[in-house]
Amino acid sequence: MKLYSYVVARDFGFAPNPFFGFCTLATCKPKIRKHASVGDWVVGTGAKSTYDYKGRLIYAMQVSEVLSFDEYWNDARFILKRPNLKGSLKVMYGDNIY
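In terms of the numbering used here, the sequence shown opens at residue 293 and continues consecutively.
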C-alpha cells in the first residue's frame, strides 16, 4: 500500500469528483493516476492560498479500482460523471471527459 498526497488548489468537485456514489480522480495528477494501485490511498490537502483550508485534509480516498479512460467512459456506472454544461454545477464539473 502506498500513500499519495497533493495540494488541492481549487475544489469545485472536478478533481477529485465526489459525486454520484464514487469519488474519482480521472483528471489532473497524471503521475498518481499512472502509479496508484488498488489498496493505495490518495489524500488532498488545502493550499496556502485557501486560508480556511490551508494545510487541512480536504479528502482521503482508497483506490478500489483502476480503469483506462476508455473503460471509464464506457462504464454505465459513470455515465452521470460525463459533464453536461446545461446542468447544475455538480453535473457541469463531471470528470468523465476523455
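For glycine and all other residues, C-beta sits at the position ideal for the given N, C-alpha and C.
What is the residue span of the beta strand (DSSP E) that Leu349 lies within? Taking the first residue of the sequence shown as 1, we reach residue 349 at position 57. Here the beta strand (DSSP E) through Leu349 covers 349-354.
Going by DSSP, what residues sit across from Tyr296 in a beta bridge? Translated into positions along the sequence shown, residue 296 becomes position 4. Bridge partners of Tyr296: Val334.
Who pairs with Asn366 in a beta bridge, going by DSSP? Position 74 of the sequence shown, counting from 1, holds the residue named residue 366. The partner list for Asn366 (beta bridge, DSSP) is empty, contrary to what the question assumes.
With which residues is Asn309 paired in a DSSP beta bridge? Here the question's residue 309 lines up with position 17 in the sequence shown. Thr316.
With a cut-off of 8 Å, do at least 3 Cβ pairs link the segment 341-352 to the segment 302-322? yes
Residues bridged to Lys346 by DSSP? Position 54 of the sequence shown, counted from the start, is the residue given in the question as residue 346. Note: Lys346 sits in a beta bridge opposite Gly338.
Can you tell me whether Val334 is buried or exposed? The criterion is at least 16 other CB atoms within 10 Å of its CB, across all chains shown. Position 42 of the sequence shown, counted from the first residue, corresponds to residue 334. Val334 should be labelled buried.
Roughly how many whole angstroms lie between the Cα atoms of Tyr364 and Ala318? Here residue 364 refers to the residue found at position 72 of the sequence shown. Here residue 318 refers to the residue found at position 26 of the sequence shown. Rounded to whole angstroms, Tyr364 to Ala318 spans 8 Å at the Cα level.
Go ahead and label Asp404 buried or exposed: buried means 16 or more other beta carbons lie within 10 angstroms of its beta carbon, across all protein chains shown. Because the chain in this structure spans residues 293 to 390, residue 404 falls outside the shown range and cannot be described.
Just checking my contact of Met353 with Cys320 at CB under 8 Å: how many whole Å lie between their CB atoms? For this step, residue 353 is matched to residue 61 along the sequence shown. For this step, residue 320 is matched to residue 28 along the sequence shown. In fact, because the Cβ distance is near 14 Å, the residues do not count as touching under 8 Å.
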